[in-house]
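A.B. asks:
Numbering (the working numbering), first residue to last: 91 to 228.
(1) Quick one, are the C-beta atoms of residue 218 and residue 166 less than 9 Å apart?
(2) Taking just the CA atoms, how far does residue 215 sit from residue 157?
(3) To the nearest angstrom, report how far apart residue 144 and residue 177 are at their CA atoms.
(4) Along the chain, where does the alpha helix (DSSP H) that runs through residue 109 open and close?
(5) In the DSSP assignment, what are the bridge partners of residue 190?
(6) Enumerate in chain order the residues of its own chain whose CB-to-CB distance from residue 208 is below 6 Å, with the five nearest sequence positions on each side excluded.
(7) Under three-state DSSP, which class holds residue 167?
(8) Can you say whether residue 228 is buried or exposed, counting buried as having 16 or more other CB atoms within 10 angstroms of its CB?
(9) Under 8 Å: does the beta carbon of residue 165 sit that close to some heavy atom of the ligand GDP?
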């Protein structure tokens, strides 16, 4: 068995419960998707893998977060929008506000600079949608 054929079989075995979904995700990546096809390793790049995973395992809750906190027309959250999300949705309201105060803009900017891979967007205080999804998947 070739290494390429092994890759295809491993993908199907990993997601054996939903074969049709795997085939659809492979087709979305322009990869061979029938049972006896093989995927050449050089075609299965990290970017193709990300597209495959996004099609195989959609994350609508991430879309909801971005649309709920103001990124309806833009694919990123600003520092203020991110701060609202962290303080209103992620922070435990039972915490003592003196001992554990809500995050400030400067602290959120540090988080954005740490986790946003695009430095120019991070400097502007913008946190992108696509990278958020990748962080949660890996």
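Glycine included, each C-beta is placed from N, C-alpha and C at the ideal position.
C.D. replies: From the atom records:
(1) Between residue 218 and residue 166, the gap from beta carbon to beta carbon is short of 9 Å.
(2) When rounded, the distance between both Cα atoms is 18 Å.
(3) If I take the Cα positions, the gap works out to 28 Å.
(4) Counting along the chain, the alpha helix (DSSP H) containing residue 109 begins and ends at 109-118.
(5) In DSSP, residue 190 forms no bridge with anything.
(6) In its chain, beyond the 5 residues on either side, no residue has a beta carbon closer than 6 Å to the beta carbon of residue 208.
(7) DSSP places residue 167 within a strand segment (E or B) once states are collapsed to three.
(8) With a pLDDT of 42 at residue 228, under the threshold of 50, the modelled position of this residue cannot be trusted; read the value that follows with caution. Counting the other CB atoms within 10 Å of its CB gives residue 228 a total below 16, which places it among the exposed residues.
(9) Among the ligands in the structure shown, none appear at all, so the ligand GDP cannot be discussed.
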